[in-house]
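Enquirer: Shown below is the structure under consideration.
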Amino acid sequence: MSARTRLIRLLRHWHARIGVLTALLFLFLAVSGIALNHTDALRLDQRKVSAHWLMRWYGLKTEGPMQGYLFDHGYFSWSGRQWVMDGRVIGAEEPPLGVAEVAGTRYVATASALYLYLPDGRLVDKLQGAALPATPLRRIGSRGAWLLVDTPQGVFASSDGLAWRPQQQAAKDVWAHVQPLPLQARRHLAALFVPSLPLERIVLDLHSGRLFGRHGPLLMDTVAGILLLLSLSGVWIYWRSVRKR
Numbered sequence: 000m001s002a003r004t005r006l007i008r009l010l011r012h013w014h015a016r017i018g019v020l021t022a023l024l025f026l027f028l029a030v031s032g033i034a035l036n037h038t039d040a041l042r043l044d045q046r047k048v049s050a051h052w053l054m055r056w057y058g059l060k061t062e063g064p065m066q067g068y069l070f071d072h073g074y075f076s077w078s079g080r081q082w083v084m085d086g087r088v089i090g091a092e093e094p095p096l097g098v099a100e101v102a103g104t105r106y107v108a109t110a111s112a113l114y115l116y117l118p119d120g121r122l123v124d125k126l127q128g129a130a131l132p133a134t135p136l137r138r139i140g141s142r143g144a145w146l147l148v149d150t151p152q153g154v155f156a157s158s159d160g161l162a163w164r165p166q167q168q169a170a171k172d173v174w175a176h177v178q179p180l181p182l183q184a185r186r187h188l189a190a191l192f193v194p195s196l197p198l199e200r201i202v203l204d205l206h207s208g209r210l211f212g213r214h215g216p217l218l219m220d221t222v223a224g225i226l227l228l229l230s231l232s233g234v235w236i237y238w239r240s241v242r243k244r
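Going by numbering that gives the first Met the number 0, the sequence shown opens with residue 0, and the numbers climb by one from there.
Written out as C-alpha cells, the structure is:
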C-alpha cells in the first residue's frame with residue numbers, strides 16, 4: 000500500500016468522525032443565527048431567563064433589599080427605581096425619602112411628589128407641584144391621625160393629603176426612617192429580585208462563544224477553522240474519487 004493511499008484512508012477515517020462532531024456545532028450555529036435574525040418576531044429581547052445557575056455563571060448575584068420602611072402590618076422597600084409593598088411591585092419611580100401610614104392610606108414621598116396608596120397596593124393619587132405645600136420634600140412622618148411633611152418652608156400637616164396647614168415640630172412626631180426588614184420580607188424580596196437576562200443576550204453569547212468566558216470566541220474560531228479544513232478535505236477526497244472513476 001502506497002503512502003498516498005494510506006493518507007487518503009486516514010483522511011476519510013477522521014473526516015467522517017470529526018465531521019459528525021462539528022456538524023452538531025454547525026447546526027447549533029445555524030439555528031442560533033436564524034433566531035438572532037428574527038429577534039423581533041421571536042421576541043427574544045422580551046423573554047427573560049433567570050435560572051440561578053446561569054445567573055451565577057454570568058456573575059450576577061441574587062440580592063434583594065435588606066432595609067425599608069415598616070407599617071403596622073406590612074413593609075415598603077425598593078431596589079433601584081422599583082418599589083415593592085408587602086411583596087408586590089407597585090411601580091418604578093425614583094428612590095423614596097420616606098413613607099407613612101395615616102388613616103388607612105399609605106403615603107410614599109419623593110423630593111417632588113407624594114403618592115397615595117391603599118394597603119393592597121393600588122395607587123389612589125399622585126400629588127406634586129401646587130398640590131404640595133412646598134417643595135422639595137425633605138422627610139415624611141405622622142402625628143396621630145395627621146400626615147406630616149418637612150419642607151424648606153417648614154413642617155406642614157394634613158389629614159387627607161389635600162389640605163395643608165403649617166405646624167410646629169413636636170416631640171410626639173414620628174418621622175419615617177429606614178429599618179432592617181423582617182426575615183420573611185427579605186426572603187420575599189430576594190425571590191422577587193432574582194436577576195435575569197434577555198434571551199437574546201444569552202443566544203448571542205452562545206452563538207459567539209462569549210458565554211464560555213474569554214476563551215469562548217477562540218473555541219468558535221477553532222470550530223470554524225475545522226469546518227474549513229473539513230470542507231477542503233471533502234472537496235479533495237471527492238475530486239480524487241471522480242478522477243479515479
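Where is the CB? At the ideal position from N, CA and C, for every residue including glycine.
Treat the numbers as computed from the prediction; the structure is a model and nothing was measured.
Count the other C-beta atoms from every protein chain shown that fall within 10 angstroms of the C-beta of Trp77, then say buried if there are 16 or more, exposed otherwise.
Expert: One-based indexing of the sequence shown puts residue 77 at position 78. Buried: at least 16 other Cβ atoms inside 10 Å.
Enquirer: Compute the Euclidean distance between the alpha carbons of Val246 and Thr221, then round it to the nearest angstrom.
Expert: This structure cannot settle anything about residue 246, because the visible part of the chain is limited to 0 through 244.
Enquirer: Identify, in the order they occur along the chain, each residue of the same chain with its Cβ nearer than 6 Å to the Cβ of Leu24, setting aside the five sequence neighbours on each side.
Expert: One-based indexing of the sequence shown puts residue 24 at position 25. Val222.
Enquirer: Identify every run of the beta strand (DSSP E) within the segment 24-75, keeping only runs that are complete inside it and at least 3 residues long; order them along the chain.
Expert: DSSP runs (the beta strand (DSSP E)) wholly in the segment 24-75: 66-70.
Enquirer: From Pro118, Arg209, Leu147, pick the residue whose C-alpha is nearest to that of Val88; which is it?
Expert: Position 89 of the sequence shown, counting from 1, holds the residue named residue 88. Minimum Cα distance to Val88 is reached at Pro118.
Enquirer: What residue range does the alpha helix (DSSP H) around Leu198 cover?
Expert: Here residue 198 is taken as the residue at index 199 of the sequence shown, counted from 1. From DSSP, the alpha helix (DSSP H) with Leu198 extends over 198-207.
Enquirer: Excluding the five sequence neighbours on either side, which residues of its own chain have a C-beta within less than 6 Å of the C-beta of Arg46, listed in chain order?
Expert: By 1-based counting over the sequence shown, the position of residue 46 is 47. Taken in chain order, the residues that qualify are Leu198.
Enquirer: Would you say the segment 92-102 touches the segment 127-144, given that touching needs at least three Cβ pairs under 8 Å?
Expert: Segments in contact, yes.
Enquirer: Give the DSSP bridge partners of Gly90, in chain order.
Expert: For this step, residue 90 is matched to residue 91 along the sequence shown. Gly90 is bridged to Trp82.
Enquirer: List in chain order: all unbroken alpha helix (DSSP H) runs of 4+ residues lying wholly within the segment 100-167.
Expert: Taking only runs of at least 4 residues, no alpha helix (DSSP H) segment lies wholly in the segment 100-167.
Enquirer: Apart from the five residues on each side of it in sequence, which residues of its chain come closer than 8 Å, Cβ to Cβ, to Pro135?
Expert: Residue 135 sits at position 136 when you count from the first residue of the sequence shown. Cβ neighbours of Pro135 beyond the five flanking positions: Ala110, Ser111, Thr150, Pro151.
Enquirer: Quick check on Val177: does DSSP put it in helix, strand or coil?
Expert: Reading the sequence shown from its first residue, position 178 is the one you call residue 177. Coil.
Enquirer: Using 8 Å as the Cβ pair cut-off and three pairs as the minimum, do the segment 193-213 and the segment 52-72 touch?
Expert: Yes: the two stretches touch, three or more of their Cβ pairs being nearer than 8 Å.
Enquirer: DSSP state of Gly97, grouped into three classes?
Expert: Your numbering for residue 97 matches position 98 in the sequence shown. Three-state result, Gly97: strand.
Enquirer: What does the alpha-carbon distance come out to for the pair Asp124 and Phe70?
Expert: In the sequence shown, the residue the question calls residue 124 occupies position 125. In the sequence shown, the residue the question calls residue 70 occupies position 71. Approximately 19 Å, taken between the alpha carbons.
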